[in-house]
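All remarks here apply to the structure that follows.
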Amino acid sequence: MKFFIDTADLDDIRDLAATGMVDGVTTNPSLVAKTGRSFLEVVEEIAGIVDGPVSAECVATDFETMLKEGEKLAAIADNIAVKVPLTVDGLKTCKALSDKGVMVNVTLCFSAAQALLAAKAGAAFISPFVGRLDDVGQDGMELIADICQIYAQYDFDTEVLVASVRGPQHVVMAAKLGADVATVPPKVLRQLYGHPLTDKGLDAFLADWKKTGQTIL
Ligand code: E4P
Numbered sequence: 019m020k021f022f023i024d025t026a027d028l029d030d031i032r033d034l035a036a037t038g039m040v041d042g043v044t045t046n047p048s049l050v051a052k053t054g055r056s057f058l059e060v061v062e063e064i065a066g067i068v069d070g071p072v073s074a075e076c077v078a079t080d081f082e083t084m085l086k087e088g089e090k091l092a093a094i095a096d097n098i099a100v101k102v103p104l105t106v107d108g109l110k111t112c113k114a115l116s117d118k119g120v121m122v123n124v125t126l127c128f129s130a131a132q133a134l135l136a137a138k139a140g141a142a143f144i145s146p147f148v149g150r151l152d153d154v155g156q157d158g159m160e161l162i163a164d165i166c167q168i169y170a171q172y173d174f175d176t177e178v179l180v181a182s183v184r185g186p187q188h189v190v191m192a193a194k195l196g197a198d199v200a201t202v203p204p205k206v207l208r209q210l211y212g213h214p215l216t217d218k219g220l221d222a223f224l225a226d227w228k229k230t231g232q233t234i235l
């Protein structure tokens, strides 16, 4: 399973990329707005830090303008995945860009029917938002299970990119379902490392080691 980090914060991206756990980055207009910086510059910098796909989102809503935006974003670096919303115009843009060999991430997916359309439009990634579905009383993980089943049945190449992840449990459930990617906020990626028994066990080992008076180096 691949881990992408869901942020436009360059410090977090550099810090976490150094762990070797980051296979890509996803951004969205809200995350870019938080940085207060130029979108195009931020995306270019991220694409230079991480080798894997870096999602950069179009903000136009009509096909013609979205396509132009997508082409401009794709030209920034080879590892850019153009993000488009799951709308009619978004999927038209997805098809046009995918036909030219551009990676497209279709975002704001909330149903299996939408995911089916995105795969037919040639999306490299489909981003179902599990946390936002949970927030409105639906089961986000049930959607992941449905999409994984449908994609496997038809052998679609589109990767299931679990988005709007709120905690380690979402990551574990996504992995159990065989999702290809989870995009996680930096905080959640750091949380994946933690367990109180790891800390407790390490403290005990180090206390016993100290008693031996030895060093390894
Ligand atoms: C995915 O690409 C989105 O950027 C993201 O996962 C949205 O998450 P949120 O619901 O926490 O805003």
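Heads up, the sequence shown is in my numbering, so the first residue is 19 and it goes up one at a time. Where is the CB? At the ideal position from N, CA and C, for every residue including glycine. The structure presented is a predicted model; accordingly, all values stated were derived computationally and were not measured.
Item	Value
I need the residues with a C-beta less than 6 Å from some heavy atom of the ligand E4P; please give them in chain order.	D24, T44, N46, T125, S145, F147, G149, R150, A181, S182 and T201
Can you give me the start and stop residues for the beta strand (DSSP E) that L179 sits inside?	E177 to V180
Report yes or no: is there a C-beta of chain C within less than 8 Å of the C-beta of G66?	Of the protein chains in this structure there is only one, and it is not chain C.
What whole-angstrom Cβ distance do L49 and A26 have, given they're in contact under 8 Å?	4 Å
Taking DSSP's pairing of strands, which residues face S73 in a bridge?	T44 and A99
Applying the criterion that 16 or more other CB atoms from any shown protein chain within 10 Å of the CB defines a buried residue, is V190 buried or exposed?	exposed
Do V77 and E87 have their C-beta atoms closer together than 8 Å?	yes
Pick out whichever of G119, F174, G149 and F147 has its Cα sitting closest to the Cα of A136.	F174
So, with DSSP's three-state summary, where would you put K218?	helix
Just how far apart, CA to CA, sit Q15 and D226?	Missing from the structure shown is residue 15; the chain here goes from 19 to 235 and no further.
Give the DSSP bridge partners of M121, in chain order.	A99
If you check the beta carbons only, do G155 and K113 fall under 8 Å apart?	no
Sorted by chain position, which residues of the same chain lie with C-beta nearer than 7 Å to A35's C-beta, five sequence neighbours on each side aside?	I67 and V68
So, for V60: in the same chain, excluding its five sequence neighbours on each side, which residues have a beta-carbon less than 8 Å away from its beta-carbon?	A26, L28, T45, V50 and T53
When you compare only the Cα positions, how much space is there between A163 and R208?	25 Å
How many angstroms separate the CA atom of A200 from the CA atom of L161?	14 Å
Identify the continuous alpha helix (DSSP H) that holds T83 and give its terminal residues.	F81 to A92
According to the Cβ coordinates, are V178 and A197 closer than 8 Å?	yes
Please specify which runs of the alpha helix (DSSP H), each continuous and at least 4 residues long, are wholly inside the segment 159-216, giving them in chain order.	186-194 and 204-210
Starting from the C-beta of L104, find all residues in its chain whose C-beta is less than 6 Å away, skip the five residues before and the five after it, and write them out in chain order.	V124, L126, C127 and Q132
Rounded to whole angstroms, what is the Cα-Cα separation between V180 and F22?	10 Å
CA-CA distance, G149 and L91?	27 Å
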